[in-house]
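Contents: one structure, followed by commentary.
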Amino acid sequence: MIEKKPQNGEFTLPVRVYIEDTDAGGIVYYVNYLKFMERARTEFMRTLGYQHYVLADENFQFVVHSANVQYRQPARIDDALVV
Numbered sequence: 056m057i058e059k060k061p062q063n064g065e066f067t068l069p070v071r072v073y074i075e076d077t078d079a080g081g082i083v084y085y086v087n088y089l090k091f092m093e094r095a096r097t098e099f100m101r102t103l104g105y106q107h108y109v110l111a112d113e114n115f116q117f118v119v120h121s122a123n124v125q126y127r128q129p130a131r132i133d134d135a136l137v138v
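Its first residue numbered 56, the sequence shown is counted upward by one per residue in this note's numbering.
This is the structure we're talking about:
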């Protein structure tokens, strides 16, 4: 997976929607958007030089306390997303 750092300093991660991410209608199941975000967070931490297993060995963890999600339009199977 290739992560991109645009000129403005934001981190992005390209994600392809696979059949396993969708419901019977080919639309991304709502909770999978949070999984995409978690993947992006992990890759962002890697670009900063952190690895989860090393942090866990040092008893340091990042915990998601809450999430506020607003779904604007559905992603569908084979879509190329930018997280």
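Note that CB positions come from ideal geometry on N, CA and C, so glycine has one too.
Go ahead and pull the three-state DSSP assignment for ILE82.
Taking the first residue of the sequence shown as 1, we reach residue 82 at position 27. ILE82 carries a strand assignment under DSSP once its states are collapsed to helix, strand and coil.
If you count every other CB in all the chains shown that lies within 10 Å of the CB of VAL119, and 16 or more means buried, which is it?
As a working mapping, residue 119 is identified with position 64 in the sequence shown. Label assigned to VAL119: exposed.
What does a CB cutoff of less than 6 Å around LEU68 pick up in its chain, not counting 5 residues either side in sequence?
Counting from one through the sequence shown, the residue named residue 68 turns up at place 13. Closer than 6 Å at the Cβ level, and outside the excluded window around LEU68, lie GLU58, ALA95, GLU98 and VAL138.
Beta-carbon within less than 7 Å of ALA135's beta-carbon, same chain only, minus the 5 sequence neighbours each way: which residues are those?
Counted from its first residue, the sequence shown places residue 135 at position 80. Contacts found: PRO69 and ARG71.
Note down the Cα distance separating MET100 from HIS107, rounded to an integer number of angstroms.
The sequence position of residue 100 within the sequence shown is 45, counting from 1. The sequence position of residue 107 within the sequence shown is 52, counting from 1. Roughly 8 Å between the two C-alpha positions.
Tell me, please, which residues DSSP counts as bridged to ARG71.
Numbered from 1 along the sequence shown, position 16 holds the residue referred to as residue 71. The partner list for ARG71 (beta bridge, DSSP) reads ALA135.
Do you know offhand how far TYR126's Cα is from ASN63's?
For the purposes of this step, residue 126 is taken as residue 71 along the sequence shown, with counting starting at 1. For the purposes of this step, residue 63 is taken as residue 8 along the sequence shown, with counting starting at 1. Approximately 25 Å between the Cα atoms of the pair.
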